[in-house]
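So for the sequence shown, this note's numbering puts the first residue at 710; every next one is plus one. As C-alpha cells, the structure follows; a few thoughts come after it.
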Amino acid sequence: MSTNPVLRPKLATPALVVTSAVTLIAMAFLLVAVARGASLEILIVVGFALLLAAGTLGSIWLARVVRRRKWMMAAEQKWHYFDDARSSHRTTTEITVLSVDALEPTGSWITVNWNRFDHIQRAWIEASPEPIWPGSVVLLTPDPAQVSPGRPWPQTYYIRASDLLAWAPPKRPNSRLRTSPEAAHQ
C-alpha cells in the first residue's frame, strides 16, 4: 500500500512529545540522584534504560525530520514543475481533488473543486500514469466542449488523461479536505 504523497508527514504527535518530555524529566531526576549519591546499581540500570529510551526517541525524531524534509523538497519540485507547465501551456485551469469516490480500471470517479470558480462537481478522470490523490491540485487543459463562459456547468466533467498537465500537493497542507461527495456539497 502506498502512502498519500499529498499529505505532509507529521513531525510530532502528542504521544511522542509526552514520551520525550517524560524521558527528559527522568534524566533530570537521574542527574539529581547522581548528585545525591544514590545506589550505584540502581543508577546504572536506570541510566542504561534512559539512555536506550533517549536513543530510540532521538532516532524517531531524526527519521521524522528527514522524512518531512524529503517531502518538502519533493513538494517544492512538484510546484516548480506545476508552474512551468502552467506557463508553457496556453489555456489551463486548476482543480483540487476533494475525494476519490470510486476506482475503476479505466479511471476514477472523483469530486473536484474548480479553484478559480469555487465550483464543486463530480468528475470522471481517465487513468493516468501517476495516481491522483485526494487533496491534489491538478493543472489541466479545460475542454471547451464541456465548459465555456455563458453555459451552465455539465452534470459530470470528463477529464482525459491527455488533458492532465501536472499535479502538486496543496499549498496549505493544513487545510481541511472534504472526504465524501455529501461533505463536498455542504
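Ideal Cβ placement from N, Cα and C applies to all residues, glycine included. These numbers were taken from a predicted model, which means no experiment stands behind them.
Other residues of its chain near residue i: CB distance less than 6 Å, five sequence neighbours each side excluded
| i | result |
| --- | --- |
| Glu835 | Gly816, Arg869 and Ala870 |
| Ile804 | Val821, Trp823 and Val847 |
| Asp872 | Leu849 and Thr850 |
| Trp841 | Checking the displayed sequence, the identity of residue 841 turns out to be Ile instead of Trp. If we look at Ile841 and ignore the five residues flanking it on each side, its Cβ neighbours are Val806. |
| Asn713 | Trp842 |
Residues near residue i in its chain [Cβ-Cβ closer than 7 Å; skip 5 each side]
| i | result |
| --- | --- |
| Ala762 | Thr732 |
| Val743 | Leu752 |
| Gly756 | Leu739 |
CA nearest to the CA of residue i, picked from the options
| i | options | result |
| --- | --- | --- |
| Leu771 | Ala721, Thr802, Leu752 and Met736 | Ala721 |
| Leu874 | Leu807, Lys779, Ala747 and Glu839 | Glu839 |
| Thr850 | Lys880, Ser796 and Thr765 | Ser796 |
| Thr728 | Gly756, Ser748, Leu766 and Phe757 | Leu766 |
| Ser808 | Val741, Phe791, Gly746 and Arg831 | Arg831 |
| Tyr866 | Ile769, Leu725 and His828 | His828 |
| Trp780 | Tyr790, Ser748, Pro718 and His798 | Pro718 |
Residues near residue i in its chain [Cβ-Cβ closer than 8 Å; skip 5 each side]
| i | result |
| --- | --- |
| Leu759 | Thr732, Ala735, Met736 and Leu739 |
| Thr801 | Ala794, Arg795, Leu848, Leu849, Thr850, Pro851 and Leu874 |
Reduced DSSP category for residue i - H, G, I as helix; E, B as strand; rest coil
| i | result |
| --- | --- |
| Val726 | helix |
| Val743 | helix |
| Ile734 | helix |
| Glu813 | strand |
Residue range of the alpha helix (DSSP H) that includes residue i
| i | result |
| --- | --- |
| His789 | Leu749 to Ser797 |
Extent of the continuous beta strand (DSSP E) run through residue i
| i | result |
| --- | --- |
| Thr800 | Segment: none, Thr800 is in no beta strand (DSSP E) and carries neither H nor E. |
| Ala832 | His828 to Glu835 |
| Ser817 | Gly816 to Trp823 |
| Ala875 | Leu873 to Ala877 |
| Ile868 | Thr865 to Ile868 |
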